[in-house]
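**Student:** One structure, pasted below without further comment.
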Amino acid sequence: MSPLGPLLLAALLFSIGVYGVIARRNAVLVLMSVELMLNAVNINLVAFQNLLFPAELAVSGQMFALFIIGVAAAEVGVGLAIVFNLFRNRATVNVDDVDLMRW
Amino acid sequence: MSFYQQYGIVAIVAVFGALLYAVIMLVNRIMRPTIPSPLKLSVYECGVESEGVGWSQMNIRYYVFAFLFVIFDVEAVFIFPWAVIVGDLDATTRISPVFALVAMFLFIGTLLEGLAYAWKKGVLTWE
Amino acid sequence: MTAHDLVFVIVGLVTAVSAILVVTSRHLMHAALYLALTLTGIGGVFLVLGAGFIALVQVVVYVGAVAVLFLFGLMLTRAPIGREALDSQNRGLGLAVAGALFVLLAALIIPAFGGESTAEVTGPTIEAIGIAIFADWVLPFEVLSMLLLAALIGAILLARREAGESGTEAEVTRIEMGEALADEPDRHEAVGTSAPAGELGAGGGR
Numbered sequence: 000m001s002p003l004g005p006l007l008l009a010a011l012l013f014s015i016g017v018y019g020v021i022a023r024r025n026a027v028l029v030l031m032s033v034e035l036m037l038n039a040v041n042i043n044l045v046a047f048q049n050l051l052f053p054a055e056l057a058v059s060g061q062m063f064a065l066f067i068i069g070v071a072a073a074e075v076g077v078g079l080a081i082v083f084n085l086f087r088n089r090a091t092v093n094v095d096d097v098d099l100m101r102w
Numbered sequence: 000m001s002f003y004q005q006y007g008i009v010a011i012v013a014v015f016g017a018l019l020y021a022v023i024m025l026v027n028r029i030m031r032p033t034i035p036s037p038l039k040l041s042v043y044e045c046g047v048e049s050e051g052v053g054w055s056q057m058n059i060r061y062y063v064f065a066f067l068f069v070i071f072d073v074e075a076v077f078i079f080p081w082a083v084i085v086g087d088l089d090a091t092t093r094i095s096p097v098f099a100l101v102a103m104f105l106f107i108g109t110l111l112e113g114l115a116y117a118w119k120k121g122v123l124t125w126e
Numbered sequence: 000m001t002a003h004d005l006v007f008v009i010v011g012l013v014t015a016v017s018a019i020l021v022v023t024s025r026h027l028m029h030a031a032l033y034l035a036l037t038l039t040g041i042g043g044v045f046l047v048l049g050a051g052f053i054a055l056v057q058v059v060v061y062v063g064a065v066a067v068l069f070l071f072g073l074m075l076t077r078a079p080i081g082r083e084a085l086d087s088q089n090r091g092l093g094l095a096v097a098g099a100l101f102v103l104l105a106a107l108i109i110p111a112f113g114g115e116s117t118a119e120v121t122g123p124t125i126e127a128i129g130i131a132i133f134a135d136w137v138l139p140f141e142v143l144s145m146l147l148l149a150a151l152i153g154a155i156l157l158a159r160r161e162a163g164e165s166g167t168e169a170e171v172t173r174i175e176m177g178e179a180l181a182d183e184p185d186r187h188e189a190v191g192t193s194a195p196a197g198e199l200g201a202g203g204g205r
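Chains as they are written, first to last, in numbering that gives the first Met the number 0: chain F, 0 to 102; chain V, 0 to 126; chain Z, 0 to 205.
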């Protein structure tokens with residue numbers, strides 16, 4: 000199996016995630032796009048591990064993917080909690096309205 | 000066992016299930032009478048007409064429970080490979096069984112600390 | 000192209016199409032459900048790549064837990080639906096940046112890995128992964144538990160509000176109604192159970 004397919008799919012998913020982060024206004028949808036980008040990276044790591052270095056003893060690629068999944072779960076939890084706080088204080092989840100730090 | 004032997008059966012079951020569903024729905028469509036009427040599309044409810052939108056504010060406490068579930072889901076994922084290897088460990092393997100046991104219980108203990116915190120904070124109880 | 004590549008192309012197409020629907024869907028719930036489909040598809044990709052354990056983790060953590068968390072996120076926040084409400088004015092810019100990024104990555108990947116091909120796809124077994132976690136990755140493993148603990152405590156503190164703490168719902172002076180609400184001025188009278196946005200955290204303190 001050629002590594003080209005997984006790598007191109009990962010690049011496509013990452014680009015879709017970038018588009019979502021730029022084009023979406025709803026903070027929850029922005030977080031979803033970030034998840035797409037993280038998953039694209041996971042595909043890359045697993046593809047490199049299993050197609051190019053299948054016999055490596057430390058299983059680095061799959062370990063990275065495993066830890067990224069765990070960290071992403073924590074990130075979503077805190078990110079959504081921040082979005083809820085935003086909604087509670089400002090009654091909006093529109094990221095365009097939250098521009099206090101903009102210059 | 001090769002990849003196709005492993006997952007071929009799963010694929011066959013999935014395809015067969017989808018086909019079965021399609022055939023049943025097709026037979027249903029062929030055999031049923033079709034008399035469309037706008038009244039049938041209205042919301043069925045006794046008495047008063049429904050008003051407003053379908054959305055209502057959920058209590059945020061559900062979210063803390065959902066996130067606790069996510070945390071312990073991640074924990075369970077790391078317990079799987081540990082459970083597979085911990086019985087086979089001895090002096091000849093790269094790690095000792097005591098080390099694996101201590102490492103895993105440190106992990107579980109740290110997360111139980113989070114559960115204890117949630118308990119202490121009262122997010123687990125409904126008043 | 001081997002049969003393995005063909006299986007990958009089928010799974011990858013489903014994943015890619017549902018990923019595009021995640022960022023273009025006009026309904027929040029549809030976007031979340033397409034995200035669940037995309038994550039399942041990525042699990043299928045892991046399976047095709049011979050990483051059965053990661054595929055299991057993907058389904059258990061992402062599809063089973065994180066997608067549900069996103070659904071909770073959508074149900075807890077009220078947002079207007081429709082194309083103009085969900086997308087900002089940056090759609091053209093986003094398309095340009097994402098397109099340029101994809102072309103750049105593809106132009107780097109195709110010459111670098113175009114000639115490579117593995118005859119048989121094999122991944123490490125779950126035993127190899129278990130040994131590797133406790134032999135080589137035990138420090139990241141323990142640090143991950145601390146990270147999850149910190150995330151849990153942070154989420155609890157952010158999500159609930161203590162009784163008598165400052166900054167209660169009285170602070171919410173302006174509640175901007177989205178487009179979806181504009182035509183229903185008497186919503187609060189009509190739907191007694193649906194509280195205004197300011198009471199989101201009120202349940203925590205009472």
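Ideal Cβ placement from N, Cα and C applies to all residues, glycine included.
Just to confirm my understanding: we take valine 63 of chain V, look at its own chain, exclude 5 residues before and 5 after, and list those with CB closer than 6 Å. What are they?
**Tutor:** Cβ neighbours of valine 63 of chain V beyond the five flanking positions: Val122.
**Student:** Any chance the region 117-128 of chain Z sits against the region 45-63 of chain Z, with 3 or more Cβ pairs inside 8 Å?
**Tutor:** Output reads yes: the region 45-63 of chain Z touches the region 117-128 of chain Z.
**Student:** Excluding five sequence neighbours on each side, which residues of the same chain lie with their C-beta closer than 8 Å to the C-beta of methionine 10 of chain F?
**Tutor:** In the sequence as presented, methionine is not what sits at residue 10 of chain F; that position holds alanine. Here the set comprises Ala39.
**Student:** When DSSP labels each residue in this structure, what does arginine 159 of chain Z get in the three-state scheme?
**Tutor:** In this structure, arginine 159 of chain Z counts as coil in the three-state DSSP scheme.
**Student:** Taking C-beta pairs closer than 9 Å, name the residues in chain V that phenylalanine 103 of chain F reaches, listed in chain order.
**Tutor:** As shown, chain F starts at 0 and ends at 102. That puts residue 103 of chain F outside it, with no answer to give.
**Student:** Going by other Cβ atoms of all chains shown within 10 Å of its Cβ, with 16 needed for buried, is tryptophan 102 of chain F buried or exposed?
**Tutor:** Exposed, because fewer than 16 other Cβ atoms sit within 10 Å of the Cβ of tryptophan 102 of chain F.
**Student:** Please identify, using Cβ separations under 8 Å, the residues of the region 59-79 of chain Z that lie next to chain F, in order along the chain.
**Tutor:** Flagged, chain order: Val60, Tyr61, Ala64, Val65, Leu68, Phe69, Phe71, Gly72, Leu73, Leu75, Thr76, Arg77 and Ala78.
**Student:** Taking all protein chains shown into account, do 16 or more other C-beta atoms lie within 10 angstroms of the C-beta of glycine 114 of chain Z, making it buried, or fewer, making it exposed?
**Tutor:** Its Cβ having fewer than 16 others within 10 Å, glycine 114 of chain Z is exposed.
**Student:** Report yes or no: do three or more beta-carbon pairs, one from the region 75-86 of chain F and one from the region 19-35 of chain F, lie closer than 8 Å?
**Tutor:** These segments touch.
**Student:** Report the three-state DSSP secondary structure of asparagine 38 of chain F (helix, strand or coil).
**Tutor:** Here asparagine 38 of chain F sits in helix by DSSP.
**Student:** Look at the Cβ atom of leucine 73 of chain Z, then the Cβ atom of alanine 31 of chain Z, and state whether they are nearer than 7 Å.
**Tutor:** Result yes, Cβ atoms of leucine 73 of chain Z and alanine 31 of chain Z sit closer than 7 Å.
**Student:** For proline 96 of chain V, which residues in the same chain have their Cβ closer than 6 Å to its Cβ, ignoring the five residues on either side in sequence?
**Tutor:** Cβ neighbours of proline 96 of chain V beyond the five flanking positions: Leu88.
**Student:** Is the Cβ-Cβ distance between alanine 71 of chain F and alanine 158 of chain Z less than 7 Å?
**Tutor:** No, they are not a contact pair.
**Student:** Suppose you measure from the CA of threonine 109 of chain V to the CA of leucine 67 of chain V; what does that come to, to the nearest Å?
**Tutor:** Looking at the two C-alpha atoms, the distance is approximately 14 Å.
**Student:** Our contact map puts alanine 22 of chain F next to glycine 93 of chain Z with C-beta atoms below 8 Å; I'd like the distance itself, whole angstroms only.
**Tutor:** Correct: roughly 4 Å between the Cβ atoms.
**Student:** If you reduce the DSSP assignment to three classes, tell me which class alanine 10 of chain V lands in.
**Tutor:** Helix, per DSSP.
**Student:** Determine the direct distance from the alpha carbon of valine 76 of chain V to that of phenylalanine 104 of chain V, and round the result to whole angstroms.
**Tutor:** Those two C-alpha atoms are separated by around 14 Å.
**Student:** Anything in the region 124-155 of chain Z with a Cβ closer than 7 Å to a Cβ of chain A? List those residues in chain order, please.
**Tutor:** In the structure shown, chain A does not exist; the protein chains are F, V and Z.
**Student:** By the criterion of Cβ-Cβ separation under 8 Å, what are the contact partners of glycine 51 of chain Z in chain F?
**Tutor:** Per Cβ cutoff of 8 Å: no residues; glycine 51 of chain Z is ~10 Å from chain F at best.
**Student:** Tell me the residue span of the alpha helix (DSSP H) that contains tyrosine 62 of chain V.
**Tutor:** Per DSSP, tyrosine 62 of chain V belongs to the alpha helix (DSSP H) from 60-85.
**Student:** Could you tell me the alpha carbon to alpha carbon distance between leucine 70 of chain Z and methionine 28 of chain Z, rounded to whole angstroms?
**Tutor:** Distance between the alpha carbons of leucine 70 of chain Z and methionine 28 of chain Z: 7 Å.
**Student:** Using the three-state DSSP reduction, which class does arginine 31 of chain V fall into: helix, strand or coil?
**Tutor:** In this structure, arginine 31 of chain V counts as coil in the three-state DSSP scheme.
**Student:** Rounding to the nearest angstrom, what Cα-Cα distance links glycine 163 of chain Z and alanine 127 of chain Z in this structure?
**Tutor:** For glycine 163 of chain Z, the pLDDT reaches just 43, beneath the cut-off of 50, and the residue's location in the model is therefore unreliable, although a value from the coordinates is still provided. C-alpha separation (whole angstroms): 53 Å.
**Student:** Have a look at the DSSP bridge pairing and note the partners of arginine 23 of chain F.
**Tutor:** In the DSSP output, where bridge partners are listed per residue, arginine 23 of chain F has Z/Asp86.
**Student:** Report yes or no: is there a C-beta of chain Z within less than 7 Å of the C-beta of leucine 40 of chain V?
**Tutor:** Not one chain Z Cβ lies under 7 Å of leucine 40 of chain V.
**Student:** If you draw a straight line from the alpha carbon of valine 56 of chain Z to that of valine 12 of chain V, how long is it in whole angstroms?
**Tutor:** Distance between the alpha carbons of valine 56 of chain Z and valine 12 of chain V: 22 Å.
**Student:** Does the beta-carbon of tyrosine 61 of chain Z have 16 or more other beta-carbons within 10 angstroms, so that it is buried, or is it exposed?
**Tutor:** Under this definition tyrosine 61 of chain Z is a buried residue.
**Student:** How many Å lie between leucine 100 of chain Z and histidine 26 of chain Z at the Cα?
**Tutor:** Cα to Cα, leucine 100 of chain Z sits roughly 27 Å from histidine 26 of chain Z.
**Student:** Go to phenylalanine 7 of chain Z, then tell me how far its alpha helix (DSSP H) extends in each direction, as first and last residue.
**Tutor:** 2-23 is the extent of the alpha helix (DSSP H) around phenylalanine 7 of chain Z.
**Student:** Report yes or no: is there a C-beta of chain F within less than 7 Å of the C-beta of phenylalanine 66 of chain V?
**Tutor:** So, interface residue.
**Student:** Can you give the beta carbon distance from alanine 66 of chain Z to alanine 35 of chain Z, rounded, assuming they're within the 8 Å contact cut?
**Tutor:** That belief holds up - the Cβ atoms of alanine 66 of chain Z and alanine 35 of chain Z are roughly 4 Å apart, short of 8 Å.
**Student:** So glutamate 119 of chain Z is in the alpha helix (DSSP H); what residue range does that whole segment cover?
**Tutor:** Per DSSP, glutamate 119 of chain Z belongs to no alpha helix (DSSP H) and is neither H nor E.
**Student:** If you measure from the beta carbon of alanine 72 of chain F to each beta carbon in chain V, is any gap under 7 Å?
**Tutor:** Alanine 72 of chain F counts as touching chain V.
**Student:** How about glycine 76 of chain F: is its C-beta nearer than 7 Å to some C-beta of chain V?
**Tutor:** Cβ-Cβ to chain V under 7 Å: yes for glycine 76 of chain F.
**Student:** With 16 other CB atoms within 10 Å as the buried threshold, where does methionine 31 of chain F fall?
**Tutor:** Result: buried.
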